[in-house]
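Step one of this worksheet: look at the structure below.
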Amino acid sequence: MGHSDAEEAGIKGSNDHVHDKAIHQTDVDGASAVVGEIQEENKYAYDDSRKLGITGAVFLILNKMIGTGIFSTPSSIFAATGSVGVSLMLWVIGGFLTFCGLSVWLEFGLAIPRSGGEKNYLEHIYRHPKYLATCVLASQMILLGFSSGNSLAFGRYILYAAGNELKDTYKARGVGVACVTFAVIIHSVAPKWGIRLFNVLGVFKVGVLLFIVFSGFAALAGRRLVEDPRNFDNAFALEKGDGYGGGGAYEYSNALLNIVYSYKGWENANYVLGEIKDPRRTLTIAAPLAVGGVTILYVLANVAYFAAIPKSALAKSEVIVAGLFFKNVFGDSAGARVLPVFVALSNLGNVLAVSFAHARLNQELGKEGLLPGSRFWGSNKPFNSPAAALFLHWIVTIIVLLAPPPGPAYNFIVSLYTYPGAWINSFVAAGLIYLQYQKKEVWNPGWRTFLPVTVIFLLCNAFLAIVPFIPPSNGDFWGDGYPYYVFPVVGVGVLILGGIYWVLWTKFWPAVRGHKLVAERIIDEEGVEVVRYRKVKVVKHG
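Numbers 4 to 545, taken from the numbering used here, label the letters of the sequence shown in order.
Listed below in structure tokens is the structure:
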């Protein structure tokens with residue numbers, strides 16, 4: 004286990020015995036820390052039936068990767084590039100970059116096999132100032148780690164199947180609220196059934212993608228109800244037409260952000276390593292298998308879309324790309340109306356996977372005593388599940404889902420969700436380069452990411468972090484009314500907010516209150532993780 008919050012207060016935690024009596028220690032600032040009795044104790048024990056094996060880990064990754072993205076974002080990718088060939092190449096590049104990131108996360112995951120993902124990795128790399136990196140990540144993951152994009156797409160596909168228009172309306176958002184509420188409730192009350200459900204939906208959504216791929220092959224052979232769009236004639240030409248083409252660096256970076264969003268989820272198993280059987284073996288098999296399969300399916304699905312949808316219609320289809328594909332191939336029949344329901348269920352699987360993983364990260368932050376009301380957010384009560392952390396995920400998702408005005412909200416939500424991750428990924432990749440070449444400690448987790456792979460991942464994320472601040476070629480507005488700088492400014496602002504919170508949490512509040520609540524994390528004799536919260540009173544020496 005890593006260092007504990009108790010150690011920051013000068014308490015030496017022990018796996019064998021922790022004193023319940025008040026004790027005195029002196030911390031690094033020369034302050035006398037008076038440690039009171041235990042305020043609360045939480046245990047986190049999971050039987051093997053709740054732990055994920057290789058199959059469960061594959062579907063946990065698949066369910067987050069295959070969500071809204073591949074059924075919705077191809078329109079914005081083509082609109083930015085105006086080229087069928089370049090669009091397909093960007094999807095291939097996205098798969099390659101995903102493997103680069105996966106290699107980095109595998110190295111860290113095998114070195115630090117605990118739930119929490121990049122929280123643990125940033126803490127290990129950036130140890131001073133203590134917990135600053137953790138607070139910055141916490142701000143991003145809590146405020147922007149939502150399921151709003153997939154929930155909104157779920158609502159729009161359900162309404163589309165029922166014969167409604169494709170527009171973003173509050174009716175669609177209401178259905179999205181029901182979607183995320185269902186996911187949070189089942190993970191809270193019946194966690195085993197939540198896992199079973201996203202495993203089933205994982206198989207189902209792979210089936211939906213395969214159906215689209217083979218339907219695309221049929222469309223290429225002439226089996227469609229529209230004229231041949233002839234999209235593959237001179238495929239790499241950079242064209243400009245009705246709703247597509249003419250994009251510059253800003254549009255290309257935004258397109259790549261949308262592709263990164265579609266592949267996002269490759270890191271999902273790292274968030275829940277504490278609930279995975281034999282993490283070393285499971286992670287090294289499940290993660291590459293899932294990412295490789297998804298990359299192939301994504302490229303072939305895009306080929307299918309181009310085989311059946313004219314360029315202008317594709318560029319302006321927004322979130323309903325797959326729905327338009329089904330209509331052009333199968334007509335406006337009952338069957339074509341049922342197929343969007345299948346895509347909606349795929350979105351539900353993604354919401355289930357995201358809420359499952361992100362709640363574990365929120366809970367880890369609560370276990371560390373990092374959040375206001377940490378004992379509540381870190382608790383497993385009353386169902387031996389992170390119900391409180393799931394509730395936190397639900398609150399943020401609902402706010403982001405309902406707050407933007409009707410319009411191109413989906414693309415805005417996608418960019419807002421994805422963008423801050425580029426900064427976090429850049430710092431993790433830079434940290435890995437440092438760890439591999441520093442001499443102060445032994446770093447040999449059993450998986451080695453080659454330097455060029457890490458550098459490519461670092462440079463790509465640095466590009467995605469910086470370029471959105473450059474004005475787009477078509478003016479000062481992105482999408483349909485949103486200023487181009489909104490999502491990068493909000494994204495960076497959230498990260499800065501994490502730094503401000505760190506100052507309040509470590510300096511201001513303890514000085515005002517005269518005490519702080521710290522968490523001691525130990526493993527007891529039965530191998531069960533125990534988190535004990537103590538109130539620490541700090542008295543400065545004159």
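Don't be surprised by glycine CBs; every beta carbon is placed ideally from N, CA and C. Because the structure is a prediction, the values reported are computed rather than measured.
| task | Determine the direct distance from the alpha carbon of residue 426 to that of residue 323, and round the result to whole angstroms. | result | 30 Å
| message | Let me confirm a value: residue 124 is counted as buried when at least 16 other C-beta atoms fall within 10 Å, else exposed. Which label applies? | response | buried
| query | The alpha helix (DSSP H) spanning residue 125 covers which residue range? | reply | 121-128
| query | CA-CA distance, residue 263 and residue 63? | reply | 18 Å
| Through-space distance from residue 73 to residue 175, alpha-carbon basis | 19 Å
| task | Report yes if the C-beta distance between residue 157 and residue 182 is below 9 Å; otherwise report no. | result | yes
| task | Can you have a look at residue 437 and say buried or exposed, based on whether 16 or more other CB atoms are within 10 angstroms of its CB? | result | exposed
| said: Excluding the 5 residues flanking residue 145 on each side, which residues of the same chain have their C-beta closer than 7 Å to its C-beta? | reply: 365, 395, 399
| task | Please report the residue range of the alpha helix (DSSP H) in which residue 227 lies. | result | No alpha helix (DSSP H) holds residue 227; DSSP gives it neither H nor E.
| query | What residue does the alpha helix (DSSP H) around residue 396 start on, and which one ends it? | reply | 390-405
| message | Need the endpoints of the alpha helix (DSSP H) that residue 290 sits in, please. | response | 282-311
| Which of helix, strand or coil does DSSP assign to residue 486? | strand
| said: Tell me the DSSP secondary structure of residue 134 in three-state form. | reply: coil
| Going by the CB atoms, is the gap between residue 367 and residue 118 shorter than 9 Å? | yes
| message | How far does the alpha helix (DSSP H) with residue 378 in it extend, from its first residue to its last? | response | 377-380
| said: Assuming the contact rule is C-beta atoms closer than 8 Å, residue 358 and residue 150 should be a hit. Round their C-beta distance to whole Å, please. | reply: 6 Å
| query | Out of 455, 120, 192, which has the shortest C-alpha to C-alpha gap to residue 360? | reply | 120
| request: Give a yes or no on whether the C-beta atoms belonging to residue 311 and residue 232 are separated by under 9 Å. | output: yes
| query | On the three-state DSSP scale, how would you describe residue 275? | reply | helix
| request: Compare the beta carbon distance of residue 216 and residue 345 with 9 Å and say whether it is the shorter of the two. | output: no
| field | Closest residue to residue 389 among 220, 325, 275 (Cα-Cα distance) | value | 275
| Apart from the five residues on each side of it in sequence, which residues of its chain come closer than 6 Å, Cβ to Cβ, to residue 31? | At residue 31, the pLDDT of 34 sits below 50, so the modelled position is not reliable; the number obtained from the coordinates is stated separately. Within the same chain, residue 31 has no close Cβ partners at all.
| Bridge-paired residues (DSSP) for residue 173 | DSSP, once it has assigned bridges, lists no residue as partnering residue 173.
| request: Pick out the complete alpha helix (DSSP H) segments inside the segment 41-108, 4 residues or longer, and give them in chain order. | output: 57-68, 72-75, 77-84
| request: Inspect the CB distances between the segment 100-113 and the segment 468-477 and report whether three or more fall short of 8 Å. | output: no
| message | Just to confirm the assignment, what range does the alpha helix (DSSP H) spanning residue 336 have? | response | Residue 336 -> no alpha helix (DSSP H), and no H or E assigned at all.
| message | For a test of the three-state rule: what should DSSP assign to residue 166, helix, strand or coil? | response | coil
| said: Distance check for residue 180 and residue 172, CA to CA, integer angstroms please. | reply: 13 Å
| request: May I ask you to report which of helix, strand or coil DSSP gives residue 501? | output: helix
| query | Hey, is the segment 324-334 in contact with the segment 74-86, meaning 3+ C-beta pairs nearer than 8 Å? | reply | yes
| query | If we count the other Cβ atoms within 10 Å of its Cβ and call it buried at 16 or more, is residue 165 buried or exposed? | reply | exposed
| message | Taking a contact to mean a Cβ-Cβ separation below 9 Å, would you say residue 315 touches residue 251 in this structure? | response | no
| field | Whole-Å CB distance - residue 404 paired with residue 154, under 8 Å assumed | value | 6 Å
| query | If we call anything under 9 Å between Cβ atoms a contact, is residue 113 one with residue 450? | reply | yes
| query | Is the number of C-beta pairs between the segment 87-99 and the segment 289-307 that are closer than 8 Å three or more? | reply | yes
| task | Mind checking who residue 440 pairs with in its DSSP beta bridge? | result | None, per the DSSP bridge assignment.
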